[in-house]
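Engineer: Under the working numbering, think of the first position of the sequence shown as 1, with each following residue one higher.
Dropping the structure in here first, questions after.
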Amino acid sequence: RPNHKKECKKRAAEIFDEALFKTPPPNEDCPICYLRLPLCFAEAKYRACCGKNICLGCDYADAIARGSIICPFCRDPGPASDEESIERIKKRIEAGDVGAMGMLGCRYRSGNSGVPQDSNKALELLHQAAKLGCAESHYNLATCYVQGEVVEKDEKKAKYHWERAAMGGCVKSRRNLGVFEAKAGNMNRAMKHFMISAGFGCGKSLKNIRYGFSNGFVTKDEFEKALRAHKESKDEMQSDQRDAARPFSSCGGICNT
1 RPNHKKECKK RAAEIFDEAL FKTPPPNEDC PICYLRLPLC FAEAKYRACC
51 GKNICLGCDY ADAIARGSII CPFCRDPGPA SDEESIERIK KRIEAGDVGA
101 MGMLGCRYRS GNSGVPQDSN KALELLHQAA KLGCAESHYN LATCYVQGEV
151 VEKDEKKAKY HWERAAMGGC VKSRRNLGVF EAKAGNMNRA MKHFMISAGF
201 GCGKSLKNIR YGFSNGFVTK DEFEKALRAH KESKDEMQSD QRDAARPFSS
251 CGGICNT
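So, in structure tokens, the structure goes:
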């Protein structure tokens with residue numbers, strides 16, 4: 001009986017790893033330029049009017065061309081106040097938009113843009129959005145558990161949410177898992193995470209792979225494969241419009257994802 005339980009746990013772990021290290025789907029495309037959305041959250045903007053995520057390049061280019069800030073996709077003029085913005089987000093939630101649910105959770109988490117700071121409400125919305133498959137909400141929950149923000153610090157729970165976010169395609173979570181495993185001395189698992197995230201355009205992960213190659217954790221073929229995949233992915237997300245808009249993002253264009 002004990003051997004049977006041991007084998008079951010071993011097989012369950014193997015099945016989980018198969019799902020964890022399976023290459024996830026890429027980011028969705030911007031509905032305007034049809035290029036894959038950037039990795040940096042600050043370089044794309046969610047529009048509650050139509051529920052679309054639009055790259056900052058298209059948003060910026062449209063604003064420059066028209067001399068006014070309207071939605072480049074549906075041409076909505078935008079909310080006139082924070083209160084109207086919140087009402088729009090709530091309508092998107094009623095329509096089943098998990099991204100809007102996670103966004104509202106983040107607003108309650110920090111207490112801005114028309115809502116008071118409310119840790120319980122933030123966690124309720126983030127957990128609900130995560131359960132419905134929102135990878136970004138899993139990432140934000142992991143951040144809360146790592147920083148001890150609105151919850152007590154808990155590395156196990158942070159890892160749990162990073163894993164779910166990574167399986168959902170969150171490249172930042174994938175890279176964080178690589179760092180987590182490297183610190184624990186699990187270099188084989190760490191390099192697997194870095195290989196996947198580098199393949200989606202993560203520059204920091206590529207640096208980690210270069211370190212792994214220099215120290216014998218990654219083969220020459222694996223390193224060359226990572227270099228090619230990283231370049232191809234970056235090319236898929238690059239445009240002159242995005243380059244022009246990057247300095248105006250909330251990260252100031254210095255986010256080295």
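Glycine included, every Cβ here is placed at the ideal spot set by N, Cα and C.
Contact between the stretch 128-139 and the stretch 150-169 is defined here as three or more beta-carbon pairs at a separation below 8 Å; is this criterion met?
Structural biologist: Touching, yes, given that three or more Cβ pairs across the two stretches are closer than 8 Å.
Engineer: What is the DSSP secondary structure of Lys153, counted as helix, strand or coil?
Structural biologist: Position 153 of the sequence shown, counting from 1, holds the residue named residue 153. Reduced to three states, the DSSP call for Lys153 is coil.
Engineer: Rounded C-beta distance between Met101 and Ala122? I'm assuming under 8 Å.
Structural biologist: Numbered from 1 along the sequence shown, position 101 holds the residue referred to as residue 101. Numbered from 1 along the sequence shown, position 122 holds the residue referred to as residue 122. About 11 Å separates the two Cβ atoms, so there is no contact after all.
Engineer: Quick one: what does DSSP say Gly253 is sitting in, helix, strand or coil?
Structural biologist: Residue numbering aside, residue 253 sits at position 253 when the sequence shown is read from its first letter. Only weak support exists for where Gly253 lies, its pLDDT of 49 falling under 50; the coordinates are left without a value.
Engineer: Return the first residue and the last residue of the beta strand (DSSP E) that Lys52 is part of.
Structural biologist: For the purposes of this step, residue 52 is identified with residue 52 of the sequence shown, where counting begins at 1. From DSSP, the beta strand (DSSP E) with Lys52 extends over 52-55.
Engineer: With respect to the alpha helix (DSSP H) encompassing Ala80, which residues constitute its N-terminal and C-terminal limits?
Structural biologist: Residue 80 sits at position 80 when you count from the first residue of the sequence shown. Looking at the DSSP string, Ala80 is not in any alpha helix (DSSP H), and its letter there is neither H nor E.
Engineer: Is DSSP giving Lys22 helix, strand or coil here?
Structural biologist: Working through the sequence shown from its first residue, we reach residue 22 at position 22. Assignment of Lys22 by DSSP, reduced to helix, strand and coil, places it in the coil class.
Engineer: Look at the alpha carbon of Glu58 and the alpha carbon of Gly201, and state the distance between them as a whole number of angstroms.
Structural biologist: Position 58 of the sequence shown holds residue 58. Position 201 of the sequence shown holds residue 201. The sequence shown places Cys at residue 58, rather than the Glu named in the question. In a straight line, the C-alpha of Cys58 is about 20 Å away from that of Gly201.
Engineer: Could you have a look at Asp29 and say whether DSSP puts it in helix, strand or coil?
Structural biologist: Along the sequence shown, read from residue 1 onward, the residue named residue 29 stands at position 29. Strand at Asp29.
Engineer: For Tyr34, does the three-state DSSP call read helix, strand or coil?
Structural biologist: Numbered from 1 along the sequence shown, position 34 holds the residue referred to as residue 34. Reduced to three states, the DSSP call for Tyr34 is coil.
Engineer: So what does Ala315 bridge to, in DSSP terms?
Structural biologist: With the chain running from 1 to 257 in the structure shown, residue 315 is simply not present.
Engineer: Quick check on the DSSP output: what are the complete alpha helix (DSSP H) runs of length 4 or more inside the stretch 148-218, in order along the chain?
Structural biologist: DSSP runs (the alpha helix (DSSP H)) wholly in the stretch 148-218: 155-167, 171-183, 187-199, 203-214.
Engineer: If we count the other Cβ atoms within 10 Å of its Cβ and call it buried at 16 or more, is His4 buried or exposed?
Structural biologist: Taking the sequence shown and counting its residues from 1, the one referred to as residue 4 is at position 4. Answer is exposed; the Cβ neighbour count stays below 16.
Engineer: Which residue from Gly169, Asn215, Asn112 puts its Cα closest to that of Ser197?
Structural biologist: Here residue 197 refers to the residue found at position 197 when the sequence shown is read from its first residue. Residue Gly169 is the option with its Cα nearest to Ser197.
Engineer: For Glu83 versus Gly114, is the C-beta spacing smaller than 8 Å?
Structural biologist: Counted from its first residue, the sequence shown places residue 83 at position 83. Counted from its first residue, the sequence shown places residue 114 at position 114. Cβ atoms of Glu83 and Gly114: closer than 8 Å.
Engineer: Under 8 Å: do the stretch 47-55 and the stretch 65-78 share three or more Cβ pairs, one atom per stretch?
Structural biologist: yes
Engineer: Measure the C-alpha to C-alpha separation of Gln117 and Lys91 and round it to an integer number of angstroms.
Structural biologist: Taking the first residue of the sequence shown as position 1, residue 117 is located at position 117. Taking the first residue of the sequence shown as position 1, residue 91 is located at position 91. Those two C-alpha atoms are separated by around 21 Å.
Engineer: Where does Ser113 sit, in a helix, a strand or coil, going by DSSP?
Structural biologist: In the sequence shown, residue 113 corresponds to position 113, counting from 1. Residue state, collapsed to three classes: coil.
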